[in-house]
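As they're listed, the protein sequences go chains C and B. Counting from 280, one number per residue, gives the positions in the first sequence under the numbering used here. Counting from 280, one number per residue, gives the positions in the second sequence under the numbering used here.
Number of protein chains: 2
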Amino acid sequence: MLGSPTHDRVAERRKAARREIIDAAWEVAHQKGIAAVTLKDVADRVGMRPPSLYSHFASKNAIYDAMFGQAWQGCLDALRAAADRGLPDDPRVAMTVMGRAYFEYAVADEARNQLMNARISADFQPSPEAYAPSLAVWELSRTHLAMIGVTAEADLDLYSAVVGGLVDAQLANDPGGERYARQLERAIGMLADHFGF
Amino acid sequence: MLGSPTHDRVAERRKAARREIIDAAWEVAHQKGIAAVTLKDVADRVGMRPPSLYSHFASKNAIYDAMFGQAWQGCLDALRAAADRGLPDDPRVAMTVMGRAYFEYAVADEARNQLMNARISADFQPSPEAYAPSLAVWELSRTHLAMIGVTAEADLDLYSAVVGGLVDAQLANDPGGERYARQLERAIGMLADHFGF
DNA sequence: TAGGTGAACCTAACATGATTAGGAGAATCC
DNA sequence: GGATTCTCCTAATCATGTTAGGTTCACCTA
Chain C
280 MLGSPTHDRV AERRKAARRE IIDAAWEVAH QKGIAAVTLK DVADRVGMRP PSLYSHFASK
340 NAIYDAMFGQ AWQGCLDALR AAADRGLPDD PRVAMTVMGR AYFEYAVADE ARNQLMNARI
400 SADFQPSPEA YAPSLAVWEL SRTHLAMIGV TAEADLDLYS AVVGGLVDAQ LANDPGGERY
460 ARQLERAIGM LADHFGF
Chain B
280 MLGSPTHDRV AERRKAARRE IIDAAWEVAH QKGIAAVTLK DVADRVGMRP PSLYSHFASK
340 NAIYDAMFGQ AWQGCLDALR AAADRGLPDD PRVAMTVMGR AYFEYAVADE ARNQLMNARI
400 SADFQPSPEA YAPSLAVWEL SRTHLAMIGV TAEADLDLYS AVVGGLVDAQ LANDPGGERY
460 ARQLERAIGM LADHFGF
């Protein structure tokens with residue numbers, strides 16, 4: 280039975296329903312902010328009643344969890360795409376490319392960024408599965424920095440905190456603007472000097 | 280009548296009640312997290328029923344608002360205290376003192392920090408009055424940086440974003456630890472180099 | 001000092017939002 | 001074709017913020 284054509288069809292329908300719910304939740308998040316998403320909003324958009332969502336997700340936080348995983352997976356994809364486009368030989372430029380890829384992904388969608396930092400509700404904690412791509416982003420950053428000779432854990436800490444701080448500042452103080460994009464370039468230049476290349 | 284001894288007594292009682300409520304809210308925030316504070320929790324602690332809190336605050340967000348103002352006022356006081364202790368002549372050291380004062384205040388209390396960044400609920404927006412000390416902190420930073428020759432707005436942006444990023448990283452990745460305190464020193468050293476002293 | 005006034009608290013009720021219980025109808029399996 | 005399962009439904013529950021309306025008591029005023 281499992282693996283049968285019918286089972287496949289059922290599984291596909293389930294998957295499609297989950298995806299539809301998640302997409303609806305993103306829409307609401309973009310319109311009203313991630314923390315203001317309500318099961319009624321989501322249910323309305325997919326043509327269901329709120330309790331029916333529980334046929335597809337164990338709870339509201341389970342929906343957040345799926346979104347969280349998607350958000351970080353997208354970030355991972357963006358970083359990989361940037362790297363695949365070819366990291367320049369000059370370590371300064373390579374660091375700029377990486378930093379900018381993260382910054383731009385994070386800054387492009389405030390709701391998504393709040394979700395990625397789990398700034399949603401008091402009780403939301405991402406599951407290990409959803410958390411995996413987030414760890415992968417960290418690992419990828421570690422790898423890329425190592426490729427240009429930065430291997431100390433403390434250096435990765437510093438780099439991440441600086442880039443993260445600029446993302447937050449951009450979203451908090453100049454949402455939709457460009458004010459901190461220039462500061463990002465400067466910051467990465469500083470880090471490059473500090474790391475000695 | 281207004282300004283009479285009786286009126287004073289009444290006003291004092293009102294003020295005391297407000298303070299008691301705010302203190303209770305801080306207790307709850309420290310125990311359960313700022314976003315999990317409930318009017319019932321607060322009311323229980325001050326020996327009231329939840330609706331009675333509305334005799335002293337217009338809404339739950341009004342309580343948050345008062346807490347927000349307190350938190351930033353405390354930050355302002357901490358920065359002033361650090362400056363009054365005497366900012367060193369060496370601009371590098373002066374910048375370190377300022378940065379460390381902010382970092383330590385912010386990192387000392389996670390609930391308070393979340394509040395200061397208004398990462399509470401979807402609809403909380405601080406009132407102008409509560410926001411004033413936050414602006415004063417920004418102004419004070421501007422003044423201090425100017426005293427050591429850093430006057431460009433972009434430089435203040437960069438400095439604030441970096442320090443803020445380290446605070447967030449500390450609270451997110453090593454709450455209660457020391458991991459990012461060292462990175463703060465390094466970061467300020469980098470900024471000093473970059474600013475050219 | 002008795003009556004009026006307002007402040008501060010109460011209980012009851014309401015609105016919203018997450019969640020659970022339990023059932024109906026259709027798709028799927030044997 | 002009948003049993004089973006899946007998916008959705010309605011109804012109800014619980015938590016929380018908030019409003020309505022009443023009671024008590026301190027305090028002012030005549």
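Backbone N, C-alpha and C fix where the C-beta goes; we use that ideal spot for every residue, glycine too. Computed from a predicted model, the values in this text were never measured in an experiment.
(request) Note down, in chain order, every chain C residue with its Cβ under 9 Å from the Cβ of B:M327. (result) Taking the first residue of the second sequence as 1, we reach residue 327 of chain B at position 48. Within 9 Å Cβ-Cβ: nothing; B:M327 doesn't reach chain C, min ~23 Å.
(message) Quick check: what's the CA-CA separation for C:A337 versus C:A304?
(response) Taking the first sequence and counting its residues from 1, one reaches residue 337 of chain C at position 58. Taking the first sequence and counting its residues from 1, one reaches residue 304 of chain C at position 25. Computed Cα separation, rounded: 15 Å.
(request) Using beta-carbon positions only, say whether C:G312 and B:A401 come within less than 8 Å of one another. (result) Residue mapping note: residue 312 of chain C aligns to position 33 of the first sequence, counting from 1. Residue mapping note: residue 401 of chain B aligns to position 122 of the second sequence, counting from 1. Yes, they are a contact pair.
(message) Restricting to Cα atoms, I'd like to know which of B:R379, B:Y343, B:Y384, B:L435 is closest to B:I399.
(response) The sequence position of residue 399 of chain B within the second sequence is 120, counting from 1. Relative to B:I399, the option among B:R379, B:Y343, B:Y384, B:L435 whose CA is nearest is B:Y343.
(message) Please state the DSSP three-state secondary structure of C:H473.
(response) The residue given as residue 473 of chain C occupies position 194 in the first sequence. The answer is helix: DSSP assigns C:H473 an H, G or I state.
(request) Work out the CA separation of B:Y459 and B:S448 for me, nearest whole Å. (result) Mapped onto the second sequence, residue 448 of chain B falls at position 169. Mapped onto the second sequence, residue 459 of chain B falls at position 180. Going by the sequence as given, residue 448 of chain B is Ala instead of Ser. If I take the Cα positions, the gap works out to 7 Å.
(message) Tell me the rounded alpha-carbon separation between B:R461 and C:T430.
(response) Looking up residue 461 of chain B in the second sequence gives position 182. Looking up residue 430 of chain C in the first sequence gives position 151. Whole-angstrom Cα-Cα distance: 17 Å.
(request) Helix, strand or coil for C:D344, going by three-state DSSP, please let me know. (result) The residue given as residue 344 of chain C occupies position 65 in the first sequence. When secondary structure is reduced to three states using DSSP, C:D344 falls in the helix class.
(message) Determine whether the beta carbon atoms of B:M377 and B:S439 lie at a separation below 8 Å.
(response) If you number the second sequence from 1, residue 377 of chain B lands on position 98. If you number the second sequence from 1, residue 439 of chain B lands on position 160. Contact flag unset, no.
(message) So, under 8 Å CB-CB, C:P370 and C:G428 are touching, yes? Tell me the CB distance rounded to an integer number of Å.
(response) By 1-based counting over the first sequence, the position of residue 370 of chain C is 91. By 1-based counting over the first sequence, the position of residue 428 of chain C is 149. Confirmed, Cβ separation roughly 7 Å.
(message) Tell me the rounded alpha-carbon separation between B:L463 and C:E389.
(response) Locating residue 463 of chain B in the second sequence gives position 184, counting from the first residue. Locating residue 389 of chain C in the first sequence gives position 110, counting from the first residue. Computed Cα separation, rounded: 26 Å.
(request) Give the single residue among C:H335, C:H473, C:H423 whose Cα lies nearest to the Cα of C:A295. (result) Here residue 295 of chain C refers to the residue found at position 16 of the first sequence. Residue C:H335 is the option with its Cα nearest to C:A295.
(request) Using a threshold of 8 Å, state whether the C-beta atoms of C:G348 and C:Y384 are closer than that. (result) On the first sequence, residue 348 of chain C is found 69 positions in, with the first residue counted as 1. On the first sequence, residue 384 of chain C is found 105 positions in, with the first residue counted as 1. No, they are not a contact pair.
(message) What does the alpha-carbon distance come out to for the pair C:S406 and B:R391?
(response) Indexing the first sequence from 1 puts residue 406 of chain C at position 127. Indexing the second sequence from 1 puts residue 391 of chain B at position 112. For C:S406 and B:R391, the gap between their C-alpha atoms comes out near 26 Å.
(message) Along the region 362 to 393 of chain C, where does the CB come closer than 7 Å to a CB of chain B? Name the residues.
(response) Going along the region 362 to 393 of chain C in chain order, one finds no residue with a Cβ nearer than 7 Å to chain B.
(request) Can you tell me which of C:I301, C:A341, C:V316 puts its alpha carbon nearest to the alpha carbon of C:V325? (result) What you label residue 325 of chain C is simply residue 46 of the first sequence in a count that begins at 1. Comparing alpha carbon positions, the residue from C:I301, C:A341, C:V316 closest to C:V325 is C:I301.
(request) Report yes if the CB atom of B:L470 is closer than 8 Å to the CB atom of B:V386, and no otherwise. (result) Along the second sequence, read from residue 1 onward, the residue named residue 470 of chain B stands at position 191. Along the second sequence, read from residue 1 onward, the residue named residue 386 of chain B stands at position 107. For B:L470 and B:V386, no; Cβs fall outside 8 Å.
(message) Using C-beta distances below 7 Å, list every residue in its chain close to C:A350, excluding the 5 sequence neighbours before and after it, in chain order.
(response) Counted from its first residue, the first sequence places residue 350 of chain C at position 71. Cβ within range, chain order: R391, L394, M395.
(request) Indicate whether at least one CB of chain C lies closer than 8 Å to the CB of B:V424. (result) What you label residue 424 of chain B is simply residue 145 of the second sequence in a count that begins at 1. Here residue 424 of chain B turns out to be Leu, not Val, going by the sequence shown. Chain C contact via Cβ: absent.
(request) Can you pull the chain C residues whose beta carbon is under 9 Å from the beta carbon of B:R421, in chain order? (result) Walking along the second sequence from the start, residue 421 of chain B turns up at place 142. The premise fails here: B:R421 is roughly 14 Å from chain C at the closest Cβ pair, so nothing lies under 9 Å.
(message) One question on the structure: do C:D434 and C:L445 come within less than 8 Å of each other, judged by their Cβ atoms?
(response) What you label residue 434 of chain C is simply residue 155 of the first sequence in a count that begins at 1. What you label residue 445 of chain C is simply residue 166 of the first sequence in a count that begins at 1. No, the pair does not count as a contact, with Cβ atoms beyond the cut-off.
(message) If I follow the unbroken alpha helix (DSSP H) through C:R393, where does it start and stop?
(response) To locate residue 393 of chain C, count along the first sequence from 1; it is residue 114. Looking at the sequence itself, residue 393 of chain C is Gln, so the reference to Arg does not match. Where C:Q393 is concerned, the enclosing alpha helix (DSSP H) starts and stops at 389 to 395.
(message) Could you give the first and the last residue of the continuous alpha helix (DSSP H) run that contains B:Q449?
(response) Position 170 of the second sequence, counted from the first residue, corresponds to residue 449 of chain B. Element bounds for B:Q449: 432 to 452.
(request) Tell me where the alpha helix (DSSP H) around B:P370 begins and ends. (result) As a first step, residue 370 of chain B must be located in the second sequence, where it is residue number 91. Residues 370 to 386.
(message) Contact criterion: CB-CB distance below 8 Å. Does B:Y459 meet it with respect to chain C?
(response) Mapped onto the second sequence, residue 459 of chain B falls at position 180. It does: the Cβ of B:Y459 has a partner Cβ on chain C nearer than 8 Å.
(message) Taking the alpha carbon of B:D368 as the reference point, which residue from B:P412, B:E299, B:P330, B:M426 has its own alpha carbon closest?
(response) On the second sequence, residue 368 of chain B is found 89 positions in, with the first residue counted as 1. Closest in C-alpha terms to B:D368, from the list B:P412, B:E299, B:P330, B:M426, comes B:M426.
(message) On a Cα-Cα basis, can you pick out the residue from C:Q310, C:V316, C:V416, C:K339 that is closest to C:A361?
(response) In the first sequence, the residue the question calls residue 361 of chain C occupies position 82. With distances taken between Cα atoms, C:A361 lies closest to C:V416.
(request) Classify C:P367 as helix, strand or coil using the three-state DSSP reduction. (result) Counted from its first residue, the first sequence places residue 367 of chain C at position 88. If DSSP states are grouped into helix, strand and coil, C:P367 belongs with coil.
(request) Can you tell me which of the three DSSP states C:I399 falls into? (result) Counting from 1 along the first sequence, the entry for residue 399 of chain C is found at position 120. Coil.
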